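Counting from 40, one number per residue, gives the positions in the sequence shown under this note's numbering. The beta carbon of each residue, even a glycine, is placed where N, CA and C say it ideally should be. Bear in mind that the values here come from a model prediction, so they are computed numbers and not experimental data. Okay, so here's the structure we're looking at.
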Amino acid sequence: MEIILFIVIILGASVLQTSTGFGFSIVATPFLLLLFSVTDAIQINLIFSLVISGALIFKIRSDIDMDVLKRLVVGSIAGMPVGIAIFMAVDLEKLKLAISLIILLLTVLLIFSFRINQTNKRDRFFGGVSGSLTTSIGMPGPPLLLYFSGKNIQKEKLRGTTLAFYLFIYSISLVLQLYFSGTNKTVWVSSALAMPFVLAGLYLGQLLFKRIDQRSFRFVTYGILLFTGLFLLFDNLS
C-alpha cells in the first residue's frame with residue numbers, strides 16, 4: 040500500500056506541476072512526510088521538482104518574463120540561507136502548522152478578491168520567502184501562487200516564469216540540503232523507482248494544460264492551496 044500511495048502521489052503531483060506551473064511540492068510534500076522522514080521527503084521532492092522543471096524549460100522558455108524572473112532570483116538568494124537556518128534550528132512540526140495557517144488565511148483573502156499589487160520590491164520579497172521555504176521544507180510554491188494568482192497574468196506566462204524560477208531554486212536548494220543534512224540510499228532508490236511516473240505525469244500534464252481555460256486555472260490554484268493548508272493543519276492537530 041505504501042508503494043501504491045507513493046506512485047499515486049508522484050503521478051498526481053507531476054500532472055499538477057506540469058499543467059499549472061505549481062503543485063508538485065505543495066501536493067507531494069505533505070503526503071511524502073507520511074511515508075518518509077522529513078529530510079528524505081524534502082530531498083525526494085527537490086529531486087523530482089528539479090527533473091520536471093528541467094524537462095519543461097526549453098519548451099516553455101518563450102513564455103518566461105525575464106525581468107520578473109531576475110527579481111525573484113535575487114530575492115531567493117537572500118532567502119535560502121534563512122531557510123536552511125530554520126530547517127536546522129526549528130521544530131518542523133510547528134513550522135508546518137504555521138505555514139498551514141498562513142496558506143489558509145491568504146487563500147481566503149484571494150477568494151474574496153484581495154489583491155497584492157505587483158512591484159519590483161515585492162517580486163524580490165516573495166522570491167525571498169519562496170527561497171526560504173524551499174530550503175526549509177521544500178515548498179516554494181505557496182508564496183508565489185498567492186502573489187501571482189490574484190492577477191490577470193496569462194497562464195502561459197505564469198507557468199513559464201515560475202518553472203524557470205524553480206529550476207534555479209531547486210538546484211541550489213538540493214545542493215544546500217545535501218551539504219547540511221547529508222543523504223541516504225532511500226532517497227535515491229525511491230527517486231529512481233518513481234521516475235517513470237514523473238515522466239508519465241509530464242505527458243498527461245501537457246495534455247491537461249491545453250484544455251484548461253484561464254478561469255478554471257484560477258480555481259485549480261485556489262483548490263490546491265485550500266487542500267494543502269487543510270491537510271497540513273489537520274495533520275498537525277491530529
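The C-alpha of GLY51 lies about 25 Å from the C-alpha of ASN223. In this structure, the CA atom of PHE70 is about 12 Å from the CA atom of ILE43. With fewer than 16 other beta carbons inside 10 angstroms of its own, VAL214 counts as exposed. Per DSSP, PRO179 lies in no alpha helix (DSSP H) and is assigned neither H nor E.
Every alpha helix (DSSP H) stretch that sits fully inside the stretch 83-170 and reaches 4 residues is listed by chain position as 105-128 and 131-150. Residue burial annotation: TYR186 is buried, with at least 16 other C-beta atoms found within 10 angstroms of its C-beta. By alpha-carbon distance to ILE123, the top candidate from SER53, SER169 and LYS249 is SER169. Using a C-beta cut-off of 8 Å, the stretch 63-77 makes no contact with the stretch 103-123, since fewer than three inter-stretch Cβ pairs fall below that distance. Within the same chain, Cβ atoms closer than 6 Å to the Cβ of LEU265 are found at THR146, the five residues on either side in sequence being excluded.
In its chain, beyond the 5 residues on either side, THR78 have a beta carbon closer than 7 Å to the beta carbon of SER220. The stretch 147-167 and the stretch 241-253 do not touch, with fewer than three beta-carbon pairs separated by less than 8 Å.
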